[in-house]
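Everything on this sheet refers to the single structure shown next.
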Amino acid sequence: MTDADKKRLLREMIFYRRFEDRCFEAYMERKVGGFLHLYSGQEAVATGVLEMAVTHQGEKNDYVITGYRDHIHAIKTGAKPREVMAELYGKETGSSKGRGGSMHIFDASQNFMGGYALVGQPFPLAAGLGMACKHKGTKQIAICFLGDGANNQGTFHETLNMASVWNLPVLFVCENNGYAIGTSLDRSTAQPQQYKRVDTAYNMKSSKHDGMDIDVVMSEAKKAIDYVRNESKPYFIEFITYRFRGHSMSDAKGYRTRDEEQEWEKRDPIKTYSDRLIKANVITADDIKAMEKEIDHEIEHDIIKFAEESPEPAVSDLNKYVLDDNPDPRWIGPLQK
Amino acid sequence: MAETAYWEAIRRAHDEEMARDKMVIAMGEDIGVAGGTYKATSGLYDKYGAERIIDTPISENSYTGIGIGASMAGMRPIIEIMSINFALLALDTIVNAAAKIRYMSGGQIACPIVMRTPGGTAHQLAAQHSARLARMFMSTSGLRVVTPRGPLDAYGMLKSAVRSNDPVIIIEHEQMYNLKEEIPDEEFFRPLEGAEIVREGSDITLIGYNYSVHLCLEAARRLQADGIHAEVLDLRALKPIDRETIRKSVEKTHNVLVAEEDEGPVGVGSEIITGIIEDCFYALDSQPVRIHAADVPVPYNHKLEKAAIPNADDVYHGALKALGKI
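The structure is reproduced here in structure tokens:
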């Protein structure tokens, strides 16, 4: 990996942090409604895994799907940040035309197949995407990002079983941040080591790694992705991580201590990576400051501006997109009498 | 034309669509090696192989979800859910995913999936194998729900469902799989929308769907003997409902009865009659009548089961009641 790539990755992670911070502000300003789940703290996982996947290449991309903490996964797959922000603002220019909101970012043009609010629902959808890749004979794979909380849904067990029986090319990425909303793993899960719930139970390769260090994430994700792509078999990869903010905006965080949070903040993936790059003389502290300034400028003067100035959907379009808006009368009718 | 059983019609539609388009696959419990509980895919495993006629484990929610995911990436899966009771296990993926993905993605992603399932009572299968649930699916935005009454529609609507870009639920019936009808030898399609007048009449409109169309037809024959000319209307689709055809018929006959095998509350009859009141209230000469199942879990005991589920006699007497003859 070149120094330019390393700088880009650092910039991406800083951008993601600042983007989410700005979403927080927009929410406090009541510009953004509904539920808002921010990714701060977990950046190394999506950034590192998707750096190793095919992204930003339109329909050639690997398929990516995730839960409701989805802004960053969408952007790293290829969605435009200004469209993601416009979606949060409920605008017609949003990635889902203002119909989805924060939890339902979609960008079909980049094979980003959505954010879903039902915990565990993306498991089978991901396996179906993998099935389609296999059936079409492309070398694409499906990548499913979900948290540790999702692994107590039936869909986890049902899907991992089928993905394994049918050799579907799916990478299941478990972002283990230790909490299912406000309930810790040890209070909810008999086997807290998520990767151990997979190997013998579903005869699927699995492993566990540090999710706070992007270099670790990239090297482990590369191996897993190569395996899924080349063997056409599923793989379950667990990354231990931590979310720095609450589960959503309505989270008082009464379930974890300040001490614990401070311990994890020491392992901030952005700090870890920037310290490493500074030490290796890839970048200077001043470069990073300049980078941050540039990012803030972009967010304010391009992304937020676009979201603010975009039009809302027309109320007359309320009933669009429920079913196919231009159905073929041969299949749909009306019935010829 | 050849006399074809309902299950054969479904099988033929599968076969033709799978031969035409490699993206069409079928998934479900026991549909492959075992040939299918209702034989709807019999012989197709040998023809198309394990990758296209997929025997699933007993995991309704997730295999339906896998089909939905595959449909999002361009495949055309036909899911068989062995009994509509088991579709309750898949409600999350059907209602929260398939029905909503097009809308919440702003029209970017379609879910062209077909879900076939028998919904109805057979004989003494008791409460957990006798659900009908049509009313549950017809109340969900983003789905199409169709109810073929015989082999013609079973074939033609499945063909259309595979080609439509919407999620379609086809509600079949355990008591209809052996029902026979002449259907054309050449390929044809039957649309997913539109009610159909299956018997012309002038005195009362008997509205049914799926199996209850046959109850209405039998009742109409008996009414004929009494000098009453009943019109029988098959809804064909429960979502969307063809209110125009209903209105025209009611404006002709001025009396109406709706027969459903489901329980009454918040049901097909409630919905249809509300639509009639909204569309053509002043065309009515009498109070609309609903014929529906008793509001109980379906009992095992044969006599109790019979008492719980409507039959042609109930429709006949309901029509006489509507017309003030009893």
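Taken in sequence, the protein lines are chains V and X.
All letters in the first sequence, in the order written, are residues 902 to 1238 by this note's numbering.
All letters in the second sequence, in the order written, are residues 1241 to 1566 by this note's numbering.
Even glycine gets a Cβ: it sits at the ideal position worked out from N, Cα and C.
For clarity, every value in this text was computed on a predicted model and none was experimentally measured.
- Using a 10 angstroms sphere on the CB of residue 1378(X), the tally of other CB atoms reaches 16 or more, which defines it as buried.
- Within the region 1416-1449 of chain X, those residues whose Cβ lies closer than 9 Å to any Cβ of chain V are, in chain order, 1429, 1430, 1431, 1432, 1433, 1434, 1435, 1436, 1437.
- Contacts between residue 1307(X) and chain V, judged by CB atoms closer than 9 Å, involve 1025, 1029, 1032 in chain order.
- Looking from the CA of residue 984(V), the closest CA among 1007(V), 964(V), 962(V), 1191(V) belongs to 1007(V).
- If you draw a 10 Å sphere on the C-beta of residue 1531(X), you find 16 or more other C-beta atoms in it, and that means buried.
- Under DSSP, residue 1106(V) takes part in a beta bridge, and its partners are 1136(V).
- Bounds of any beta strand (DSSP E) do not take in residue 1219(V), whose DSSP letter is neither H nor E.
- Interface flag for residue 1322(X) against chain V is unset, since no Cβ pair is found closer than 7 Å.
- Apart from sequence neighbours up to five positions away, the residues of its chain that approach residue 1519(X) with a beta-carbon distance below 7 Å are 1483, 1487, ordered along the chain.
- Spatial neighbours of residue 1012(V) in its own chain (CB-CB distance under 6 Å, excluding positions within 5 residues in sequence) are listed in chain order as 962, 964.
- Between residue 1225(V) and residue 1261(X), the C-beta gap is not smaller than 7 Å, which leaves the two residues out of contact.
- Selection 1045(V), 1188(V), 1067(V), 1210(V) evaluated against residue 946(V) yields 1045(V) as nearest (Cα-Cα).
- With a minimum length of 3 residues, the unbroken runs of beta strand (DSSP E) contained wholly in the region 1054-1116 of chain V fall at 1071-1077, 1106-1111.
- Counting only runs of at least 3 residues, the region 968-1052 of chain V fully encloses the following beta strand (DSSP E) elements, listed from N- to C-terminal order: 1013-1016, 1043-1048.
- Residue 1266(X) places its beta carbon 7 Å or farther from that of residue 1308(X).
- Non-local beta-carbon contacts of residue 1092(V) in its own chain, meaning distances under 8 Å to residues more than five positions away in sequence, involve 1098 in chain order.
- Distance check between residue 1128(V) and each of 1229(V), 1068(V), 1056(V), 956(V) places 1068(V) closest, using alpha-carbon atoms only.
- Linking residue 1245(X) to residue 1417(X) through their CA atoms gives a straight-line distance of about 7 Å.
- According to DSSP, residue pairing for residue 1244(X) in a beta bridge involves 1421(X).
- By the Cβ criterion, the region 1247-1254 of chain X is in contact with the region 1280-1289 of chain X, since at least three pairs of Cβ atoms, one from each stretch, lie closer than 8 Å.
- For residue 1532(X), the secondary structure class from DSSP, reduced to helix, strand or coil, is strand.
- The beta carbon of residue 1394(X) sits no closer than 7 Å to any beta carbon of chain V.
- Assignment of residue 1205(V) by DSSP, reduced to helix, strand and coil, places it in the helix class.
- Taking a cut-off of 8 Å on C-beta distances, the region 1151-1158 of chain V does not touch the region 977-992 of chain V, as fewer than three cross pairs fall below it.
- When Cβ pairs closer than 8 Å are counted between the two stretches, the region 1462-1473 of chain X is seen not to touch the region 1420-1429 of chain X, the count staying below three.
- Not one beta carbon of chain V lies nearer than 7 Å to the beta carbon of residue 1474(X).
- In the three-state scheme derived from DSSP, where H, G and I count as helix and E and B as strand, residue 1360(X) is classed as coil.
- Annotation: residue 1096(V) to residue 1107(V) spans about 5 Å, alpha carbon to alpha carbon.
- In this chain, residue 1477(X) is not harboured by any alpha helix (DSSP H); it is covered by the beta strand (DSSP E) spanning 1477-1479.
- Beyond the five residues adjoining it in sequence on each side, residue 1148(V) comes within less than 6 Å, by CB distance, of 1082 in the same chain, given in chain order.
- Below the 9 Å Cβ cutoff, chain V contributes 1017, 1018, 1019, 1022 as neighbours of residue 1336(X), in chain order.
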